[in-house]
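In UniProt numbering, the protein residues as written are 1 to 488. Following: one structure in structure tokens, then a few remarks.
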């Protein structure tokens, strides 16, 4: 495996598939002489050189868009029926295009000669994946899941897109029902699997958090012989997961966390407006490094990343230096300064992509560690946490105590479930409540003053991302001479 020098950028896109190699993967006769430098399942996103996979979805059938994809520059299309007027030398015809995508993924994984890391967990999957991508980028070519393409469509698509000269792959595996993760793990076949944590998410689809732990343990079904599993030592399901690994013959386990018994342990953590400084012990090696992301949860997951690096036999010091370049994805804790014109500025923490009780507590903790400007306040804007089942009302109301303990000055809430939190808050901490994010946003904008730090978090379906959009738009409104309180 390459460790030095870093690989040069490719001058031209690498050919992923030829008509012959794709046909061989699918077990069909080859036709045509095309090559593909990409793989796409959305005709609107096709770029020249793509192989277009015509999947049948709930709302649309990709076969209706084959002609458009080819016109947009796709080299060929994978179909289960031949659209009228399309030359067959640009088609791969199979019985089921989703099965065809999986076949391409299996072939890509089989030709891959590097090491693959599988990432799952109730919280922190995507952030951990981003950190791994940065850290491992110092050792060779890395192929990683884009965004959160982690389900039965996204994961095989990620593998089908993997260049043959990849040194290290970082693959995210997601699920919200029992039995979903196992097939994905057996497809990915990770050499190292990390379970970031197990928490009360998707309870609508599970009988208990224990059942969620068992579902996350399905990643172990795909771990390669001699592989390693990395577990969160602080999580209450650590022993349950370690026993599950042992039951599958996985005897290499590394742990991370604050726990004194963790193999990668946080000794200290300092959070400021510019990032997080971490002091850690990896085995017997002390390590200090800094990341441009804010929060103890980021620090904790970075230790999981370094445990993975150790499991791969790579240099943890070089990897830690790579973490300095980590930027939170949109909606996952990204921080921006927003001008209010001549009145000063506010800080916006965009954590609006998703929410669960544990992740909201982590976000409130990060907010509590952020110092507002003079006369500024710590403001939380929270949308409903979805898929929590019968416990939903209590889990929302319980956040009131945490908000007070963390010193949050004002809490704005949107949605029927967050109404339980609003009612449980002391009157002095209630910023306002509205039935949805659109109705809440004007209340938040009207209350802003220079120096405020505003953290926005909620499940994707709560649509509090619209509040983030409105907050970030204040920069443009300030340039136009409008105040935050002016109605758009």
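Just so you know, even glycine gets a beta-carbon here, dropped at the ideal spot from N, CA and C. On a predicted model such as this, the values are computed, not experimentally measured, just so you know.
8 Å Cβ cutoff met for residue i and residue j
i, j, result
"residue 406", "residue 356", "no"
"residue 308", "residue 194", "yes"
"residue 198", "residue 227", "no"
"residue 526", "residue 232", "An answer regarding residue 526 cannot be provided, because it is not within the stretch 1 to 488 covered by the chain."
"residue 270", "residue 277", "yes"
"residue 201", "residue 387", "yes"
"residue 474", "residue 418", "no"
"residue 430", "residue 403", "no"
"residue 331", "residue 450", "no"
"residue 379", "residue 410", "yes"
"residue 551", "residue 464", "The shown model of the chain, from 1 to 488, leaves out residue 551, and the question about it has no answer."
"residue 439", "residue 462", "no"
"residue 316", "residue 300", "no"
"residue 253", "residue 229", "yes"
"residue 297", "residue 362", "yes"
"residue 268", "residue 279", "yes"
"residue 68", "residue 62", "no"
"residue 163", "residue 211", "no"
"residue 423", "residue 377", "no"
"residue 471", "residue 360", "no"
"residue 30", "residue 19", "yes"
"residue 351", "residue 373", "no"
"residue 14", "residue 36", "no"
Nearest-angstrom beta carbon gap, residue j and residue i [assumed within contact, 8 Å]
i, j, result
"residue 70", "residue 86", "7 Å"
"residue 265", "residue 281", "5 Å"
"residue 161", "residue 39", "5 Å"
"residue 220", "residue 248", "5 Å"
"residue 139", "residue 167", "7 Å"
"residue 425", "residue 392", "17 Å between Cβ atoms; not a contact."
"residue 196", "residue 147", "Their Cβ separation, rounded to whole angstroms, is 17 Å, which puts residue 196 and residue 147 out of contact at 8 Å."
"residue 326", "residue 468", "With 8 Å as the limit, residue 326 and residue 468 do not qualify as a contact, their Cβ atoms being about 20 Å apart."
"residue 241", "residue 217", "6 Å"
"residue 32", "residue 90", "6 Å"
"residue 416", "residue 126", "About 27 Å; that fails the 8 Å criterion."
"residue 273", "residue 370", "7 Å"
In DSSP terms, what residue i is bridged to
i, result
"residue 433", "413"
"residue 383", "414"
"residue 125", "Note: residue 125 sits in no beta bridge, so no partner."
"residue 75", "Answer is none; residue 75 lacks a bridge partner."
"residue 257", "265"
"residue 232", "256"
"residue 454", "348 and 379"
"residue 53", "78"
"residue 205", "None; residue 205 has no bridge partner."
"residue 272", "275"
"residue 280", "266 and 287"
"residue 115", "168"
Helix, strand or coil at residue i [DSSP, three-state]
i, result
"residue 481", "Caution is warranted here: a pLDDT of 47 is assigned to residue 481, below 50, making its placement in the model unreliable, and no coordinate value can be reported."
"residue 141", "coil"
"residue 286", "strand"
"residue 5", "Note that residue 5 scores 45 on pLDDT, short of 50, meaning its location in the model is unreliable and no value can be drawn from it."
"residue 389", "helix"
"residue 337", "strand"
"residue 291", "strand"
"residue 471", "helix"
"residue 346", "strand"
"residue 459", "coil"
"residue 306", "helix"
"residue 17", "strand"
"residue 378", "strand"
"residue 366", "helix"
"residue 166", "coil"
"residue 172", "strand"
"residue 321", "helix"
"residue 198", "coil"
"residue 37", "coil"
"residue 488", "Because residue 488 sits at a pLDDT of 43, beneath the cut-off of 50, its placement in the model cannot be relied upon, and the point is left open."
"residue 98", "helix"
"residue 60", "coil"
"residue 91", "strand"
"residue 154", "helix"
"residue 192", "strand"
Distance cut-off 7 Å: residue i Cβ against heavy atoms of the ligand ZN
i, result
"residue 218", "No copy of the ligand ZN occurs in the structure displayed, which carries no ligand at all."
_Assess contact between the stretch 168 to 178 and the stretch 343 to 356, defined as three or more Cβ pairs (one per stretch) separated by less than 8 Å. Is contact present?_
The stretch 168 to 178 makes no contact with the stretch 343 to 356: fewer than 3 CB pairs, one atom from each, lie closer than 8 Å.
*Flag this pair as touching only if the stretch 311 to 326 and the stretch 436 to 448 have three or more C-beta atom pairs under 8 Å; answer yes or no.*
Output reads no: the stretch 436 to 448 does not touch the stretch 311 to 326.
*Please determine if the stretch 204 to 211 and the stretch 128 to 144 are in contact, where contact requires at least 3 C-beta pairs separated by less than 8 Å.*
Flag = no, the stretch 204 to 211 and the stretch 128 to 144 do not touch.
*Can you find at least 3 beta carbon pairs, one from the stretch 101 to 109 and one from the stretch 18 to 27, that sit closer than 8 Å?*
When Cβ pairs closer than 8 Å are counted between the two stretches, the stretch 101 to 109 is seen to touch the stretch 18 to 27, the count reaching three or more.
*Do the stretch 182 to 191 and the stretch 148 to 157 make contact, defined as three or more Cβ pairs closer than 8 Å?*
Taking 8 Å as the limit for Cβ pairs, the verdict is that the stretch 148 to 157 does touch the stretch 182 to 191.
_Closer than 8 Å is the cut-off here; do at least three beta carbon pairs connect the stretch 44 to 51 with the stretch 73 to 87?_
Short answer: they touch.
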